[in-house]
Amino acid sequence: MRIACVGAGPAGLYFAISMKLRDAAHDIEVFERNAPGVTFGWGVVFSDLTVDNITANDPESARTITEEFAHWDDIDVHIRGECITSGGHGFIGIGRKRLLEILQGRARALGVTLHFEAECDPADPKWRDYDLVIASDGANSRFRDANPAAFGVDVDVRRNKFVWLGTSKVFDAFTFAFEETEHGWIWAHAYRFAPDCSTFIVECSEETWLSFGFDRMSQDESIAACETLFAEYLDGHRLQSNASHLVGSAAWLNFKRIKCERWNAGNVILLGDAAHTAHFSIGSGTKLALEDAIKLAEVLNRDGLSLEAAMDEYVAERNLEVLKLQNSARNSTEWFETLDRYLHFEPLQFAYSLLTRSQRISHENLRLRDREWLEGVERWFWKRATDGRSNTTAPPMFAPLKLREMTIENRITVSPMAMYSAVDGLPNDFHLVHLGERALGGAGLVFTEMTCVSPEGRISPGCTGLWNAEQATAWTRIVDFVHAQSKAKICLQLGHSGGKGSTKLGWEGNDVPLDAGNWPVMAASDVAWTPANQAPRTMTRADMDEVRDQFVAATRMAIDCGFDMVELHAAHGYLLSSFITPLQNRRSDEYGGSLENRLRYPLEVFAAMRAAWPGDRPMSVRISATDWAGEDGVTPDEAVAIGEAFAREGADLIDVSAGQTWAEQQPVYGRMFQTPFSDKIRNEGRLATMAVGNIYEPDHANSILAAGRADLVALARPHLIDPMWTLRAAAQLDYRGVHVPPQYLNGMSQLARNLQREAEAAAALRV
Ligand SMILES: Cc1cc2nc3c(=O)[nH]c(=O)nc-3n(C[C@H](O)[C@H](O)[C@H](O)COP(=O)(O)OP(=O)(O)OC[C@H]3O[C@@H](n4cnc5c(N)ncnc54)[C@H](O)[C@@H]3O)c2cc1C
Ligand SMILES: Cc1cc2nc3c(=O)[nH]c(=O)nc-3n(C[C@H](O)[C@H](O)[C@H](O)COP(=O)(O)O)c2cc1C
Numbered sequence: 001m002r003i004a005c006v007g008a009g010p011a012g013l014y015f016a017i018s019m020k021l022r023d024a025a026h027d028i029e030v031f032e033r034n035a036p037g038v039t040f041g042w043g044v045v046f047s048d049l050t051v052d053n054i055t056a057n058d059p060e061s062a063r064t065i066t067e068e069f070a071h072w073d074d075i076d077v078h079i080r081g082e083c084i085t086s087g088g089h090g091f092i093g094i095g096r097k098r099l100l101e102i103l104q105g106r107a108r109a110l111g112v113t114l115h116f117e118a119e120c121d122p123a124d125p126k127w128r129d130y131d132l133v134i135a136s137d138g139a140n141s142r143f144r145d146a147n148p149a150a151f152g153v154d155v156d157v158r159r160n161k162f163v164w165l166g167t168s169k170v171f172d173a174f175t176f177a178f179e180e181t182e183h184g185w186i187w188a189h190a191y192r193f194a195p196d197c198s199t200f201i202v203e204c205s206e207e208t209w210l211s212f213g214f215d216r217m218s219q220d221e222s223i224a225a226c227e228t229l230f231a232e233y234l235d236g237h238r239l240q241s242n243a244s245h246l247v248g249s250a251a252w253l254n255f256k257r258i259k260c261e262r263w264n265a266g267n268v269i270l271l272g273d274a275a276h277t278a279h280f281s282i283g284s285g286t287k288l289a290l291e292d293a294i295k296l297a298e299v300l301n302r303d304g305l306s307l308e309a310a311m312d313e314y315v316a317e318r319n320l321e322v323l324k325l326q327n328s329a330r331n332s333t334e335w336f337e338t339l340d341r342y343l344h345f346e347p348l349q350f351a352y353s354l355l356t357r358s359q360r361i362s363h364e365n366l367r368l369r370d371r372e373w374l375e376g377v378e379r380w381f382w383k384r385a386t387d388g389r390s391n392t393t394a395p396p397m398f399a400p401l402k403l404r405e406m407t408i409e410n411r412i413t414v415s416p417m418a419m420y421s422a423v424d425g426l427p428n429d430f431h432l433v434h435l436g437e438r439a440l441g442g443a444g445l446v447f448t449e450m451t452c453v454s455p456e457g458r459i460s461p462g463c464t465g466l467w468n469a470e471q472a473t474a475w476t477r478i479v480d481f482v483h484a485q486s487k488a489k490i491c492l493q494l495g496h497s498g499g500k501g502s503t504k505l506g507w508e509g510n511d512v513p514l515d516a517g518n519w520p521v522m523a524a525s526d527v528a529w530t531p532a533n534q535a536p537r538t539m540t541r542a543d544m545d546e547v548r549d550q551f552v553a554a555t556r557m558a559i560d561c562g563f564d565m566v567e568l569h570a571a572h573g574y575l576l577s578s579f580i581t582p583l584q585n586r587r588s589d590e591y592g593g594s595l596e597n598r599l600r601y602p603l604e605v606f607a608a609m610r611a612a613w614p615g616d617r618p619m620s621v622r623i624s625a626t627d628w629a630g631e632d633g634v635t636p637d638e639a640v641a642i643g644e645a646f647a648r649e650g651a652d653l654i655d656v657s658a659g660q661t662w663a664e665q666q667p668v669y670g671r672m673f674q675t676p677f678s679d680k681i682r683n684e685g686r687l688a689t690m691a692v693g694n695i696y697e698p699d700h701a702n703s704i705l706a707a708g709r710a711d712l713v714a715l716a717r718p719h720l721i722d723p724m725w726t727l728r729a730a731a732q733l734d735y736r737g738v739h740v741p742p743q744y745l746n747g748m749s750q751l752a753r754n755l756q757r758e759a760e761a762a763a764a765l766r767v
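With the numbering used here applied, the sequence shown covers 1 to 767.
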């Protein structure tokens, strides 16, 4: 094949090498606009896996690269005069310039033709003469941007400013240095990549950057200002830039996250940063470029594969990899963009939050890297959880939490789950066994399902209720069982279905109206949930009084039942949520329009319940922190204001769910997908929160809690199939302090022994 590679970065050079290795007959030319040896940037970091991949692909270049690697283990986080050091991170790095020199040499040796100082114009007709044109021309690819529709380009220009500098100061650890200045916070990411040279990236928010006046400074002035700011870390060494003499480079940049729906059009294939970028803070751009190159060369040289089939396979495999990395990179980018949120943390928790920011590194990963450091974090967490009384070193999920006078044994809760198994709102033996079993399973707090305050407030005919004495007696039996047989606390979730009521049992169809016997429904406005659902009646003030009083009556009954806590369900599109979301609330009175108005009635209900509920017992509220509808619905920023408003009325905990507030929602699912909302509400609003949503491993829970993303962690579906989730987690983590019902002690020790044996066998295999 006759191939042109536009751009002699890692992607273009390594692709040329990988093609030649597979078939020396390929005729490959690489065109680069800059002179050889002239490049932007300083060091790049690699992972062990990338080294394995390049070694398998081309042992010769890999040998030279790995011989020159700089290795380091520690991460130092400097903040507020403290340095928090954790070890075992195992980085390897190399200078970008040196990497490119090695790749250029190898490409030449394999017969690739290299043209330097050769600016390529996508409009030049000569590109038609090549079988393939590899657009490895970087993040600002001209070849991609000449035809953006063909590639489905999506560019997201991120908020922060950064400049990629170098220094002769040798940093022995990967160093993060956060400095508070009169203009705001500014920080450096620094690491050594050669015996005498380190990368030094300076980053700050746009506001801080403008306030410093960096926009008006020359490059030299910017560098001088950074030298002064970070003098304490530079020990007299200078900062340097290598961007000034490059075509198409600027000193300060905004990172561009690039995604493309398609990676080829005509004879052009996008490779590396031209197709996708990953934020520099997770250090994976070069890895992606090299691994793209290997895979593309492999499919293009496979016998009998058409170009189309080769591209299909290439895209299928690489797209998944890229998506995973871009997800982690987005988390990491956002962490730095929302730094203000975490500045109230003590330095140790701040460092933990920084290390786990991309969600690729978890609590147990950190234990493997540096057990002593992690145990320090665990001790710190327990001390704070117990007002300094405990010196325990144990997973955060087992630490207690005090809300008003209620102390929860541990941080795991059974999330509210409708069971659709009641008749006339009356909980029965199913509910006793279901909730009782989950309390025996070790969770610190068990929520009832949404229990309705009136017959017409039910979602389905199978929902539980609390509007009469018979129901109160049935609930008392359940609460008494939980209190007598377990250490769990039990919280009653109270709600009203609003316009989403009068529907079938969950397993007969979600939100589908009954075949017969529908009852009239009401909501903030007469917006039907779907065309198949009834249009609700718009609530009058008299309706509002009546429903508020029903909530208060149920709350009073809950006191007699002995519930430890009550939660108001104001999420998921039910009655109170229909007031909060603008997608359902079309009112023009004082209950519609602004957020203040939309919150007025839900807050009135909450305040009335709070007044009826004992002052020593806590209350929570469940909210949908986003409508998954962009700016048209509730946004995460509004969710902070919503949390704060309920807290002012006496909510002790914000139970942070999301969505289900309109039928056309566009949620973004994934592991722990709603936790970022809890993080935001907790750390911007400084409120206690509970995170929920696809949290299913003990490691998830511990990472969330230690990083201060939530105070409690709720699991719903995992508890459906495993009521003993918490006890199993205790056995897995070898934590002995959890309360095990005496009847189950034998099973617990057997499980712990088996897990221990399995872990030892797995470790032996690894050795
Ligand atoms: C501050 C910062 C820090 C980073 N840190 C790391 C890190 O630690 N680890 C890591 O793996 N990655 C890191 N990266 C990302 C990494 O640099 C890129 O992901 C990687 O270089 C992508 O390789 P590429 O070959 O696709 O593109 P590039 O390296 O950008 O190469 C593109 C080449 O094409 C040339 N070119 C562009 N247009 C034309 C044209 N029209 N004609 C001729 N030539 C052209 C350019 O001059 C350039 O040489 C960092 C990036 C930044 C900005
Ligand atoms: C069967 C079922 C019933 C649910 N019923 C309720 C409910 O009554 N009240 C509520 O607030 N959330 C309810 N939810 C939502 C869960 O509490 C939880 O927020 C959601 O399932 C995400 O958590 P998970 O990924 O751990 O399952 C229900 C979820 C399921 C699976």
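Every residue gets a Cβ at the ideal spot worked out from N, C-alpha and C, and that includes glycine.
Problem - Simplified DSSP state of ALA231, which is helix, strand or coil - result: The three-state secondary structure of ALA231, taken from DSSP, is helix.
Exercise for the section: Under 8 angstroms Cβ to Cβ from GLN584, same chain only, skipping five residues before and after it: list those, please. Expected result: Within the same chain, GLN584 has close Cβ partners GLY499, ALA523, ALA524, SER525, VAL527, GLY573, SER577, SER578, THR661, TRP662.
Exercise for the section: Using 8 angstroms as the cut-off, classify the Cβ of VAL692 as near or not near the heavy atoms of ligand 2, replying yes or no. Expected result: In this structure, ligand 2 has a non-hydrogen atom nearer than 8 angstroms to the beta-carbon of VAL692.
Practice task
Kindly indicate which three-state DSSP category PHE171 falls into: helix, strand or coil?
Solution key: Looking at PHE171 - three-state DSSP - the assignment turns out to be coil, as it is neither helix nor strand.
Problem - Buried versus exposed call for ALA763 [16 or more other C-beta atoms within 10 Å across all chains shown] - result: If you draw a 10 Å sphere on the C-beta of ALA763, you find fewer than 16 other C-beta atoms in it, and that means exposed.
Problem - Of the listed residues GLY285, GLY630, PRO395, nearest to PRO582 (C-alpha basis) - result: Of all alpha-carbon atoms in GLY285, GLY630, PRO395, the one lying nearest the alpha-carbon of PRO582 is that of GLY630.
Exercise for the section: From the DSSP output, in three-state form, read off HIS245 for me. Expected result: In this predicted model, HIS245 has a pLDDT of only 49, less than 50, meaning its place in the structure is not dependable enough to derive any value.
Exercise for the section: Report yes if the C-beta of TYR222 is less than 8 angstroms from at least one heavy atom of ligand 1; otherwise report no. Expected result: Note on residue identity: the sequence assigns Ser, not Tyr, to residue 222. No.
Handout entry: Distance, HIS496 Cα to ALA535 Cα
Key = Each residue's alpha carbon lies about 16 angstroms from the other.
Handout entry: DSSP three-state assignment for ILE459, whether helix, strand or coil
Key = It is coil, neither helix nor strand.
Problem - Extent of the continuous alpha helix (DSSP H) to which ASP560 belongs - result: 541 to 561 is the span of the alpha helix (DSSP H), which, as asked, contains ASP560.
Exercise for the section: Let me know the alpha helix (DSSP H) ranges lying completely inside the segment 480 to 519, each 4 residues or longer, listed in chain order. Expected result: Runs found: none.
Handout entry: Cross-strand partners of CYS260 (DSSP beta bridge)
Key = For CYS260, which the question treats as bridged, DSSP gives the partners VAL153.
Problem - Span separating the alpha-carbon of GLU697 from that of ASN754 - result: Taking the CA atoms as reference points, GLU697 sits about 19 angstroms from ASN754.
Problem - Same chain, Cβ closer than 7 angstroms to PRO718, five either side skipped, listed in chain order - result: Only TYR696, TRP725 meet the Cβ criterion.
Exercise for the section: Could you check the C-alpha separation between TRP263 and ALA316 for me, to the nearest Å? Expected result: Roughly 11 angstroms between the two C-alpha positions.
Handout entry: Sequence ranges, beta strand (DSSP E) only - wholly within the segment 73 to 100, length at least 3
Key = Taking only runs of at least 3 residues, the beta strand (DSSP E) segments lying wholly in the segment 73 to 100 are 75 to 79, 82 to 86, 91 to 95.
Practice task
For ASP822, I'd like the list of residues in its chain whose CB is within less than 8 angstroms of its CB, leaving aside the five on either flank, ordered along the chain.
Solution key: As shown, the chain starts at 1 and ends at 767. That puts residue 822 outside it, with no answer to give.
Exercise for the section: List the DSSP bridge partners of TYR130. Expected result: Under DSSP, no beta-bridge partner is assigned to TYR130.
Practice task
Go through its chain and collect everything with a Cβ distance to ALA710's Cβ below 8 angstroms, but skip five positions before and after it.
Solution key: The residues VAL656, THR675, SER678, ASP679, ARG682, THR689, MET690, ALA691, ILE704, in chain order, have a CB closer than 8 angstroms to that of ALA710 in the same chain once the five nearest residues on each side in sequence are set aside.
Problem - LEU253 Cβ short of 8 angstroms to ligand 1 heavy atom set - result: Yes - ligand 1 has a heavy atom lying nearer than 8 angstroms to the Cβ of LEU253.
Problem - Three-state secondary structure assigned by DSSP to SER211 - result: Helix, per DSSP.
Handout entry: VAL247 burial status per 10 Å Cβ neighbour count (16 or more: buried)
Key = The predicted position of VAL247 is uncertain, since its pLDDT is 44 and thus under 50; no value can be drawn from it.
Practice task
May I have the straight-line CA-CA distance separating HIS224 from ALA231, to the nearest angstrom?
Solution key: Looking at the sequence shown, residue 224 is not His but Ala. Near 10 angstroms, if we compare the C-alpha coordinates of ALA231 and ALA224.
Practice task
Kindly identify the DSSP beta-bridge partner or partners of HIS189.
Solution key: According to DSSP, HIS189 bridges with PHE176, ILE201.
Problem - Proximity test, GLY285 beta-carbon vs ligand 1 heavy atom, cut-off 8 angstroms - result: GLY285 Cβ: within cutoff of ligand 1.
Exercise for the section: Compare the Cα-Cα distances from THR407 to each of THR208, THR333, LEU445, GLY425 and report the closest residue. Expected result: The shortest C-alpha separation from THR407 is found at LEU445.
Practice task
Report the residue from ARG379, ILE92, ARG106, ASP121 whose alpha carbon sits nearest the alpha carbon of GLY388.
Solution key: Closest by alpha carbon: ARG379.
Problem - Rounded Cβ spacing between ASP292 and LEU271 (contact assumed at less than 8 angstroms) - result: Contact between ASP292 and LEU271 is confirmed by a C-beta separation of about 5 angstroms, below the 8 angstroms threshold.
Practice task
Can you grab the Cα-Cα spacing for the pair MET1 / VAL299, in whole Å?
Solution key: The alpha-carbon atoms of MET1 and VAL299 are separated by roughly 14 angstroms.
Handout entry: Neighbourhood of GLU346 by C-beta, 8 angstroms cutoff - its chain only, sequence neighbours within 5 removed
Key = Contacts found: TRP380.
Practice task
Provide the residue(s) that pair with TRP164 in DSSP beta bridges, ordered along the chain.
Solution key: TRP164 is bridged to ILE201.
Exercise for the section: Measure the C-alpha to C-alpha separation of HIS189 and MET539 and round it to an integer number of angstroms. Expected result: Going from the Cα of HIS189 to the Cα of MET539 covers about 56 angstroms.
Handout entry: Alpha-carbon to alpha-carbon, ASP589 and ASN391
Key = Taken atom to atom, the span from the alpha-carbon of ASN391 to that of ASP589 is near 55 angstroms.
Exercise for the section: Assign HIS183 to one of three DSSP states: helix, strand, or coil. Expected result: It is coil, neither helix nor strand.
Exercise for the section: Let me know the secondary structure DSSP gives MET406 once reduced to three states. Expected result: Note: MET406 maps to strand in three-state DSSP.
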